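Numbering (the numbering used here), first residue to last: -16 to 707.
Backbone N, C-alpha and C fix where the C-beta goes; we use that ideal spot for every residue, glycine too.
From a predicted model like this one, the values you see are computed outputs, not experimental measurements.
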Amino acid sequence: MIELEKNYNASEHEQTIYKLWLDSGKFNPDNLEEAAEPFTIIMPPPNVTGTLHVGHALFVTIQDTLIRRKRMQGYKALWLPGTDHAAIATQSKVEKLLFKYGIRRSDLGREQFLKKVEEFAQESHDTIINQLKGMGASADWSREAYTLDEPREKAVRTAFKSMYDDGLIYQENKVINWDVKGQTVISDDEVVHVERDAKLYTFKYSHDFPIAIATTRPETKLGDTAVAVHPDDKRYQQFIGQTIEVEDFCGEKLSLKIIADEHIDPEFGTGALGVTPAHSMVDAEMAERNNLPFIQVINEFGKMTVGSPEIIDTKTTVAREVIADWLKQNNLLEKEEDIKQNVATAERTGGIIEPLPKKQWFIAVNKPFILKHSELDGIESGQEVTLKQLMKQVIQSSQISVNPDRFSKTYFHWIDNLRDWCISRQIWYGHRIPVWYKGAETYCGVEAPDGDGWEQDPDTLDTWFSSGLWTFSTLGWPDQTKDLKTFHPTDVLETGYDILFFWIARMILMSTYNTGQIPFKNIYLHGMVRDDKNRKMSKSLGNIIDPLDMNEKYGTDALRFALIFNTAPGTDMALAENKIKGMKHFGNKIWNISRFVLANLEGKPNAEVEPQTDADKLILEQLKETITISTKALDEFRLHEAAQKLYDFVWHDFADVYLEASKSQLENESTRTSTQAILFHCLTTSFKLLHPFMPFLTETLWQTLYNNQLVEEPLLMIAKWPTE
RNA sequence: GGGCGAUUAGCUCAGUUGGUUAGAGCGCUUCGUUUACACCGAAGAGGCCAUAGGUUCGAAUCCUAUAUCGCCCACCA
């Protein structure tokens, strides 16, 4: 008779069990069956900026569940982990920390500052990796990658050079999103619009100007080069085509052409818009269409570069007031009203975005080029395509499947509106652009050019550039390694729907272009974890559920099961501590079922699993159905249904009904041994089915079985997934 | 303005291609300390599946409209 303690105490077992797995070497697929089919998940690299939060816990749980199941099914299962240098995020975090001591990055200089960032990143990396392990992640740590390590640097430079040579990466002076606070340009996708109160001023540039315009930003009007009206607007038709000179507008001379543009809403304001090509994305496009000059009046620090002495060199917000006053004094202001307005801010720093013209690096998404090598459905090697077409085609052809499918619509919509991707950043932490200058000469290469006097471009790349290469850079690309051939394209990309554009789209772009392959066959998107009232978790609300606390309190398996139970893919979930507690009870139930079964065994059962009674027959049927349903559900990424089925079977079929029935069957000599065999069979099969979801608990129990010579397989982790 | 989604038990949510009395967790009521488990068991209350039409032998599930809520994109300056 085998004695187990009365209740499952997770924290006593988890570290020991994790070490057992790690020491077995079986996280590394090289140590699994050689001939088997590969199954690959590349882990979305967590940023090296902080500690594990419940979002990480969710992705680890889902991916670990998928990978463990495949490993048990006999696949050569690779879950390749890594971390992300997260350029802006990490740099600004370190800047904040240094600022506590009154130090700015400029005080340290590039080299010294980067040293500080790297120290921070290393420490942060160690923390988060250990926390991932704590969640039970069965990842192959021997293959761990970092988006900013040397192999990835080589991949980044190779990809850059190749795109540069194909004319897909180009440098141009155009209006970009400037983050004044972060002192860098950011891409369109990193701009977040926030609603604010604003004043709408209606005014005329001068007394004899025929049209009044409305604006929330009078300070930008110093850079106006046109006034745009709707082509059908009867009020203004007579003026279209004229150019009107304004001798003095706050100290500047303006020359304004009256243009017609479909973009203008005749209902808003006066139906006329002062066009500021240099400081508005929309206006810039209008200026392109109408061949208007660009006049920059605001600099990188958000200060005015022109205007009367009271204006020049002041911040935009100050200049706005001064100009409003000037309009009033000169009797040009017709109206001033309060409105709600969406202001562009930077996702990372929260700073205001000041559109302004600047020379930057871009990826051309609409430019045709020859795709040298293609394994993509519907695209031949050597075919002329655009990056946009590649991104669209692989989803359209269903070569990549999206789960839930509705997100493919969002994806197409994004692609249709996609503009060239700005990839250069004026920050220090990141991959430096592999371009060197010497006088008028420019060199792009994987290595620095020979000879003296070459200066490397000071900018770094958008962090999503290197993340875009992640599925193949982690496998050794650009070298044609064995890993690359074996594991790419990968099988599943599992991540939150919030980075569909940032990351997934960029991976598709980079993989199809650089390798001619899709990066992954399946996209699985999970929802956001919210609190029990369905609010976002935030520090200010004080409703954050810390996964580490939960693991300590209820056991990692309880948290894992709670994160999957009763949730649907792609849908936000409410997570209450009580739910985790409930799942701990489920774990305890399994524990006590095991106690009962083990207490009633007399050594390893040697009777056949052959039903003698109605109860026997029923439970074996139910078990079979559970295997079928949970296997199918897992195949189709319906983890929650598999979990639900297992919960029902274990608790309500096995424990509530069969265990009770077995008590009398065990008393009866004629059914005793067969009942033992069935109990044991149901128990060990349940362990196997539950293992991907609750790895620690089930492995702990399995070890007890193994140590008592009840099972032959030393590790549940690589036990064979039940088929019947 | 464009797109997507949600509306199911007191709360938070599942419900696979339409198929018998609609499920779970938590909460609630009553009873029970019989040696797997009180981190439990038994029994139970609680739902015209948002509303109105339609398709069908049959609809929570498919279609149309309406209402309310949420998210994403655009950026009316």
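8 Å contact criterion, which residue i and residue j should meet: CB distance rounded
i, j, result
"residue 249", "residue 213", "5 Å"
"residue 21", "residue 63", "About 11 Å separates the two Cβ atoms, so there is no contact after all."
"residue 384", "residue 361", "Contact doesn't hold; Cβ gap of about 15 Å is too wide."
"residue 765", "residue 290", "Because the chain in this structure spans residues -16 to 707, residue 765 falls outside the shown range and cannot be described."
"residue -9", "residue 19", "No, residue -9 and residue 19 are not in contact; Cβ-Cβ is about 33 Å, not under 8 Å."
"residue 70", "residue 412", "5 Å"
"residue 187", "residue 315", "5 Å"
"residue 685", "residue 670", "6 Å"
"residue 158", "residue 40", "The pair is not a contact, with the Cβ atoms about 41 Å apart (cut-off 8 Å)."
"residue 598", "residue 551", "Not quite, the Cβ-Cβ distance comes to about 35 Å (not below 8 Å), so this is no contact."
"residue 300", "residue 286", "About 10 Å separates the two Cβ atoms, so there is no contact after all."
Element boundaries [alpha helix (DSSP H), containing residue i]
i, result
"residue 309", "299 to 312"
"residue 465", "465 to 470"
"residue -7", "-7 to 7"
"residue 102", "88 to 117"
"residue 670", "652 to 673"
"residue 604", "597 to 618"
"residue 695", "It is not in any alpha helix (DSSP H) - residue 695 carries neither H nor E in the DSSP assignment."
"residue 497", "489 to 498"
"residue 352", "Premise fails: residue 352 lies in the beta strand (DSSP E), 352 to 354, not in any alpha helix (DSSP H)."
CA nearest to the CA of residue i, picked from the options
i, options, result
"residue 476", "589, 386, 518, 554", "386"
"residue 215", "136, 243, 458, 271", "243"
"residue 355", "76, 148, 69", "148"
"residue 699", "367, 677, 657", "677"
"residue 208", "235, 564, 156, 40", "235"
"residue 524", "531, 81, 516", "516"
"residue 27", "473, 611, 495", "473"
"residue 654", "52, 590, 560, 72", "590"
"residue 530", "401, 438, 344, 43", "43"
"residue 368", "672, 492, 690", "492"
"residue 273", "564, 286, 76, 241", "241"
"residue 592", "582, 606, 310, 697", "606"
"residue 456", "579, 126, 570", "126"
"residue 255", "192, 311, 310", "192"
"residue 73", "48, 641, 108, 311", "108"
"residue 733", "620, 580, 619, 587", "There is no way to answer for residue 733, as the model of the chain reaches only from -16 to 707."
Range of the contiguous beta strand (DSSP E) that encloses residue i
i, result
"residue 517", "Neither: residue 517 is in no beta strand (DSSP E) and is coded neither H nor E."
"residue 23", "21 to 25"
"residue 476", "473 to 479"
"residue 559", "Run containing residue 559: none; DSSP gives neither H nor E here."
"residue 82", "Per DSSP, residue 82 belongs to no beta strand (DSSP E); it is in the alpha helix (DSSP H), 70 to 82."
"residue 176", "174 to 186"
"residue 169", "167 to 169"
"residue 711", "Absent from the model: residue 711. The displayed extent of the chain is -16 to 707, so no value can be given."
Residue i burial status per 10 Å Cβ neighbour count (16 or more: buried)
i, result
"residue 37", "buried"
"residue 54", "buried"
"residue 399", "exposed"
"residue 176", "exposed"
"residue 30", "buried"
"residue 396", "exposed"
"residue 67", "buried"
"residue 707", "exposed"
"residue 251", "exposed"
"residue 394", "buried"
"residue 331", "buried"
"residue 78", "buried"
"residue 262", "buried"
"residue 206", "buried"
"residue 253", "buried"
"residue 577", "buried"
"residue 705", "buried"
For the stretch 316 to 332 and the stretch 220 to 237, state whether three or more C-beta atom pairs, one from each stretch, are separated by less than 8 Å. no
Taking contact to mean at least 3 C-beta pairs separated by less than 8 Å, is the stretch 161 to 168 in contact with the stretch 192 to 210? In the pairwise beta carbon analysis, the stretch 161 to 168 is classified as not touching the stretch 192 to 210: fewer than three pairs are separated by under 8 Å.
Flag this pair as touching only if the stretch 335 to 353 and the stretch 267 to 284 have three or more C-beta atom pairs under 8 Å; answer yes or no. yes
Measuring CB atoms only, is the stretch 597 to 609 touching the stretch 632 to 647, in the sense that at least three cross pairs come out at less than 8 Å? yes
So, do the stretch 438 to 453 and the stretch 114 to 133 have three or more beta carbon pairs nearer to each other than 8 Å? yes
Pair every Cβ in the stretch 426 to 434 with every Cβ in the stretch 138 to 149, then say whether three or more of these pairs are closer than 8 Å. yes
May I ask you to verify whether the stretch 665 to 682 touches the stretch -11 to 4, counting CB pairs closer than 8 Å and requiring at least 3? yes
Counting pairs of beta carbons, one from the stretch 435 to 444 and one from the stretch 460 to 476, are three or more of them closer than 8 Å? no
Check whether the stretch 502 to 516 and the stretch 550 to 561 are in contact - that is, three or more C-beta pairs closer than 8 Å. yes
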